[in-house]
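Sequential numbering from 133 applies to the sequence shown in this note's numbering.
A short write-up of the structure that comes next.
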Amino acid sequence: MAAGDNTYWLDQNDRIVGVADGWDTFAAENGGEAAAFRCIQDKSIREFIADDVTRMWFDVVLQLARIRQTQIERSYRCDSPGRKRMMNMRLCLEPSGLIRVDHILIATAQLPRSIAINHARHAEPGSVIHTRCSVCGRIQMGESWVEPGAGAAPGQSTLSVVYSVCRECSARS
Ligand SMILES: [Zn+2]
């Protein structure tokens, strides 16, 4: 498979040591100047994962790719405003010892209700903070995990969240 715009390579210490040719163009078009290769080169991938639980989830997947030496594939969700986006992450140990990571867009769908998701760091003081699974994108409501739209009160347009990984997604890592 040819490298997509969303491909990068990690060394043995999980540092970003290479990106696909189209990376910088893609980063610029998506407003991510800070994601340009010169800004992320030789930094640990962990610096770009917001919370400890997701970091641990990613560590497990990385270790599997190294130990099994086969391609490891995990689906996850990465919504854009108003759209649900299902992604696949593929990790593959290359003969050079580098891990190649591909993020592939599988499908998108209109969200039934458009909810803006804010990281709790930017929340208004006193607002309710929910936990969101960074793998499946669902929001924790008591004992269950629900779609973001179902986790908001009627008329509510933003949800403030911190990120974690739900039990089902942890069990699948
Ligand atoms: Zn989940």
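We put the beta carbon where it would ideally sit given N, CA and C, even for glycine.
Under the three-state DSSP convention, the category residue i falls into
i	result
residue 205	strand
residue 261	strand
residue 194	helix
residue 224	strand
residue 231	strand
When the options are compared against residue i, the one with the closest alpha-carbon
i	options	result
residue 162	137, 146, 170	137
residue 291	179, 268, 188, 263	263
residue 269	232, 258, 243, 286	243
Buried versus exposed call for residue i [16 or more other C-beta atoms within 10 Å across all chains shown]
i	result
residue 186	buried
residue 199	exposed
residue 231	buried
residue 171	exposed
Residue i Cβ short of 7 Å to ligand 1 heavy atom set
i	result
residue 275	no
residue 210	no
residue 265	yes
residue 187	no
residue 226	no
residue 270	yes
residue 279	no
residue 294	no
Proximity below 8 Å, CB of residue i to CB of residue j
i	j	result
residue 169	residue 181	no
residue 265	residue 297	yes
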